[in-house]
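The next block holds one structure in the form of structure tokens; read it before the comments.
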Amino acid sequence: TGQTLFRTNNGFSILSNEAVRGAFCAESKSPAEVELCVSLLLLWQAACAGNEENQRVLLAQAEVGAQLPELLSCGTAQIQREALALISLYSEHEGGRRLLGRQDLSRWLQILMAFVKCTDARADSAMNILSDLSGEERFQAQCRATLSTAVSPLFTQLLACARQVPWAALARALAVLGRLCADVGLRAQLAQSRECWQACLELLDGSPDASPGYQDCVFAVLGLMMNLLLESNGTIQDFAVPISGRCLALLSHQDGRIVTRATGVLSRVLPASPSAVQEVVGAGVVKKMLKFLKAGGQLTSSYAIKTLSVCTKSSKRAQEELLKGDKRLRVLLALLRSGDELTVANAAFCLSQCLLLPGAASALLGSGVVQLLLRHAGGDAARTSVQQNSAIALGRLCVAEPRHIHQLRKLNGLAILNSSMKYVQSS
Numbered sequence: 136t137g138q139t140l141f142r143t144n145n146g147f148s149i150l151s152n153e154a155v156r157g158a159f160c161a162e163s164k165s166p167a168e169v170e171l172c173v174s175l176l177l178l179w180q181a182a183c184a185g186n187e188e189n190q191r192v193l194l195a196q197a198e199v200g201a202q203l204p205e206l207l208s209c210g211t212a213q214i215q216r217e218a219l220a221l222i223s224l225y226s227e228h229e230g231g232r233r234l235l236g237r238q239d240l241s242r243w244l245q246i247l248m249a250f251v252k253c254t255d256a257r258a259d260s261a262m263n264i265l266s267d268l269s270g271e272e273r274f275q276a277q278c279r280a281t282l283s284t285a286v287s288p289l290f291t292q293l294l295a296c297a298r299q300v301p302w303a304a305l306a307r308a309l310a311v312l313g314r315l316c317a318d319v320g321l322r323a324q325l326a327q328s329r330e331c332w333q334a335c336l337e338l339l340d341g342s343p344d345a346s347p348g349y350q351d352c353v354f355a356v357l358g359l360m361m362n363l364l365l366e367s368n369g370t371i372q373d374f375a376v377p378i379s380g381r382c383l384a385l386l387s388h389q390d391g392r393i394v395t396r397a398t399g400v401l402s403r404v405l406p407a408s409p410s411a412v413q414e415v416v417g418a419g420v421v422k423k424m425l426k427f428l429k430a431g432g433q434l435t436s437s438y439a440i441k442t443l444s445v446c447t448k449s450s451k452r453a454q455e456e457l458l459k460g461d462k463r464l465r466v467l468l469a470l471l472r473s474g475d476e477l478t479v480a481n482a483a484f485c486l487s488q489c490l491l492l493p494g495a496a497s498a499l500l501g502s503g504v505v506q507l508l509l510r511h512a513g514g515d516a517a518r519t520s521v522q523q524n525s526a527i528a529l530g531r532l533c534v535a536e537p538r539h540i541h542q543l544r545k546l547n548g549l550a551i552l553n554s555s556m557k558y559v560q561s562s
């Protein structure tokens, strides 16, 4: 093919020509040098499209690897466009990403992220490349070095002036950062940054905007926050109250995706702050979570029951409101029948907390709760919290309302109740 002939006839040695190399590597390019550089990039695109061997030969030239970040940041739109197009040929397949990974990519995140400000196709091209590279371990490792010094300030600046940049590109940039948080080192750095959290809150704090682009940004920033909240540090504790407040406001949003993620953020941030729990309980979070649980969406329900378990753990008011909103605790009983172990563990925990209230255990007479709890307490779930929380709930149930013991005896469950008492006494 023409691509093979180009390679075997030393087409890639064009940079050995001093004039061509000078134009390609020049820091400040004349119009003629810009034209030559664009032509060179177009030639390489034609030679490398779908041809991994040609891609390898091109990047084997030291000048090419060294100049790519310079071309991306040169400020000349034509050159940037064609450089992005060339890099895209590599990033869109695994072999090409492996070749790129051998280059020094430490500045690439910062350089590519800056294209978010562009209003033309460069922004989309840059985000495509970042999206392709974000899952690569080598890229993640190289990003760690510049994250706090260069990328984090740029990111916070972009969020601060979010309404001056294209929503679609910003949403994609946020999604890329969220994916990069799979790297523990990167996630820990970002989660420590007060500026990062402040910028996220400012984006959520913007005036209501019904445009799909803005909603995509809110969705993406909530996803980033969820990933950052896998960490635990003093910065998160400091921001827990405002984060909870913003998320609570989003629970009435018309976009179900945003409601689900806002609930997810709540479920992860509330354990960091008793003050945040107190605030959201006072603002009616229990009623909201019950509403979501009755609606029955699986992902939202898993976040909602986790949120309730955090609230009922430390707040008697939350326990009382849960019992008031679901007098016979039918919602929790339904969740105990779930096939998801984490949901079952959280539902059993909430139930055990509600059983500390007068009348709760009596309301469950004839409900089948003993059989449900017995099955989980004596079961073989992979999560030990399922057995432990169910055993605690079973023990509290029988202590608070001895009539449940009759049902327990019929089910031959006294041995499990006896073994559960150690959990009750330590809880």
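In our numbering, the protein residues as written are 136 to 562.
For glycine and all other residues, C-beta sits at the position ideal for the given N, C-alpha and C.
Keep in mind it's a predicted model, so treat the numbers as computed, not measured.
- Distance from the CA of K422 to the CA of G460, rounded to the nearest whole angstrom, comes to 7 Å.
- Residues of the same chain with a CB within less than 6 Å of the CB of A496, apart from the 5 flanking positions on each side, are L490, L532, A535 and E536 in chain order.
- The alpha-carbon separation between I371 and V404 amounts to approximately 8 Å.
- Put simply, the backbone Cα of L434 is about 7 Å away from that of T395.
- E271: not part of any alpha helix (DSSP H); DSSP gives it neither H nor E.
- Exclusion of the five residues before and after L176 leaves L206, I214, E217, A218, A220 and L221 as the residues of its chain whose Cβ lies within less than 8 Å of its Cβ.
- Minimum Cα-Cα distance from S444 among the listed residues N524, A430 and C160 corresponds to N524.
- For the pair F374 and N186, the Cα-to-Cα distance works out to about 50 Å.
- Around the beta carbon of E188, a 10 Å sphere encloses fewer than 16 other beta carbons of the protein chains shown; the residue is thus reported as exposed.
- DSSP, reduced to helix, strand and coil, places S346 outside both helices and strands of the structure shown, so it counts as coil.
- The residues Q372, A375, V376 and S379, in chain order, have a CB closer than 8 Å to that of S408 in the same chain once the five nearest residues on each side in sequence are set aside.
- Take the alpha-carbon of S266 and the one of I440: they are about 32 Å apart.
- From the listed residues A304, G236, L305 and T254, the smallest Cα separation to C278 is found for G236.
- For the 8 Å CB-CB criterion, R381 and L339 form a contact.
- About 6 Å separates the beta carbons of L268 and R232, which is inside the 8 Å limit, making them a contact pair.
- M248 and D390 have their C-alpha atoms some 27 Å from each other.
- Of the candidates I246, Y438, V192 and L294, I246 places its Cα closest to the Cα of P204.
- The DSSP-derived three-state label of S525 is helix.
- Taking 8 Å as the cut-off, the beta carbon of V416 is found closer than this to the beta carbon of A453.
- Counting of Cβ neighbours within 10 angstroms places T254 among the exposed residues, the total staying below 16.
- Every candidate beta strand (DSSP E) stretch fails here, since none sits fully inside the region 284-368 while reaching 3 residues.
- S502 and L468 do touch by the CB rule: their CB atoms are close to 6 Å apart, below 8 Å.
- Here D351 is buried: its Cβ has 16 or more other Cβ atoms, across all protein chains shown, within 10 Å.
- Distances from the CA of L508 to each of A498, W332, G548 and G474 were compared; the closest alpha carbon is that of G548.
- Straight-line measurement puts the Cα of A212 at about 11 Å from the Cα of A258.
- With fewer than 16 other Cβ atoms from the protein chains shown falling within 10 Å of its own Cβ, R538 counts as exposed.
- In this model, A303 and A483 are separated by some 42 Å (Cα to Cα).
- The beta carbons of V356 and L309 sit about 5 Å from each other, so the pair counts as a contact at 8 Å.
- The continuous alpha helix (DSSP H) containing H541 extends over residues R538 to K545.
- By the 16-neighbour rule on beta-carbons within 10 angstroms, V505 is buried.
- Closest option to F250, judged by alpha-carbon separation, among R307, S241, A261 and L240: A261.
- Of all alpha-carbon atoms in E330, Q324, R544 and L401, the one lying nearest the alpha-carbon of M361 is that of L401.
- Contact annotation: R314 and E366 have beta-carbon atoms that are not nearer than 8 Å.
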